[in-house]
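In the numbering used here, the protein residues as written are -1 to 193.
What follows is the structure, given as structure tokens:
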């Protein structure tokens, strides 16, 4: 962007402010999309895993995760690229959320890798990481339902330490419903109402 020494007039100033507000609102809707996408994918994967493992006793109950999580990654990359093209203004909040997401994903992948390698039950740790992501991103966005969703994930994470694996699958389902899906719908609704 080219800068000049000339002061901007009132009309240009209002236009810039309007564009920044529109961009911020657009970012919030975009975030609502990702909370909904990942909330629904994790909910479906965990309930399918539970059903395959404990109801029909299928020998590969983890397949729902192996299919849905890469699918979510592909959808996220495509949607993220489209949203980035539409984005007119990048704020410090956008950068903060981006770096928070990268840190969250690195911790999540390391946790999943080592849990698999050492045969550890990892859902409580995953819910703790979800809680951090939701709590901090909710605080950064000033959106209380995500903050509460983060706290709910922490509560489920601690409780999951004391129950059998099959119940952990149900607990992570409830945690993403309350932490991702419901706040994601509220976020999306508020955006549509304010546009």
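Positions of the beta carbon are idealized from the N, C-alpha and C atoms, including for glycine. None of these values were measured; they are calculated from a predicted model.
**Prompt:** Do the CB positions of residue 174 and residue 37 come within less than 7 Å of each other?
**Reply:** At the C-beta level, residue 174 and residue 37 come within 7 Å of one another.
**Report entry** Range covered by the alpha helix (DSSP H) that runs through residue 93
**Finding:** Element bounds for residue 93: 90 to 115.
*asked:* Taking 8 Å as the limit between beta carbons, can you name the residues of its chain near residue 73, skipping five residues before and five after?
replied: Once the five neighbours on either side are set aside, the close Cβ partners of residue 73 are 35.
Delimiting residues of the alpha helix (DSSP H) encompassing residue 68: Start and end: 61 to 84.
* Asked: Does DSSP classify residue 170 as helix, strand or coil?
  -> In the three-state reduction of the DSSP assignment, residue 170 falls in the helix class.
Who are the near neighbours of residue 265 in its chain, counting only those whose CB is closer than 6 Å to its CB and skipping five residues on each side?
Nothing can be reported for residue 265, as the shown portion of the chain is limited to -1 through 193.
### Query
Tell me which same chain residues have a C-beta within less than 6 Å of the C-beta of residue 129, skipping the five on either side of it?
Only 148, 151, 152 meet the Cβ criterion.
**Message:** Does the structure place the stretch 90 to 106 close enough to the stretch 134 to 142 that three or more beta carbon pairs sit under 8 Å?
**Reply:** Contact annotation: the stretch 134 to 142 touches the stretch 90 to 106, with at least three C-beta pairs closer than 8 Å.
Residue -1, buried or exposed, once every other Cβ within 10 Å from all chains shown has been counted against 16:
Residue placement at residue -1 is poorly supported in this model, since its pLDDT is 47, which falls under 50; the coordinates are not used for a value here.
Could you give the DSSP three-state label for residue 54: helix, strand or coil?
Correct three-state label for residue 54: coil.
When burial is assigned at 16 or more other CB atoms within 10 Å of the CB, is residue 167 buried or exposed?
Answer is buried; the Cβ neighbour count reaches 16.
Test item: CB-CB of residue 30 and residue 186 under 7 Å: Closer than 7 Å, so yes.
### Query
Thinking C-alpha only, which one of 160, 171, 143 is nearest residue 182?
Proximity to residue 182 across 160, 171, 143 peaks at 143, based on C-alpha coordinates.
For my contact list, residue 170 and residue 44 are in at a C-beta cut-off of 8 Å; report their separation, rounded to the angstrom. About 5 Å separates the beta carbon of residue 170 from that of residue 44, a gap short enough to meet the 8 Å contact definition.
**Prompt:** If you drop the 5 nearest sequence neighbours on each side, which residues of the same chain put their C-beta closer than 8 Å to that of residue 180?
**Reply:** Answer for residue 180: 143, 147, listed in chain order.
- Task: Specify the secondary structure class of residue 46 as computed by DSSP and reduced to three states.
- Result: Looking at residue 46 - three-state DSSP - the assignment turns out to be helix.
>> Could you tell me the alpha carbon to alpha carbon distance between residue 97 and residue 109, rounded to whole angstroms?
In response: Straight across, the Cα-Cα distance linking residue 97 with residue 109 is about 18 Å.
Legend entry - Boundaries of the alpha helix (DSSP H) in which residue 162 is found, first to last residue: Counting along the chain, residue 162 falls outside any alpha helix (DSSP H), and DSSP gives it neither H nor E.
Requested in this report: Report yes if the CB atom of residue 138 is closer than 7 Å to the CB atom of residue 189, and no otherwise.
Outcome: No.
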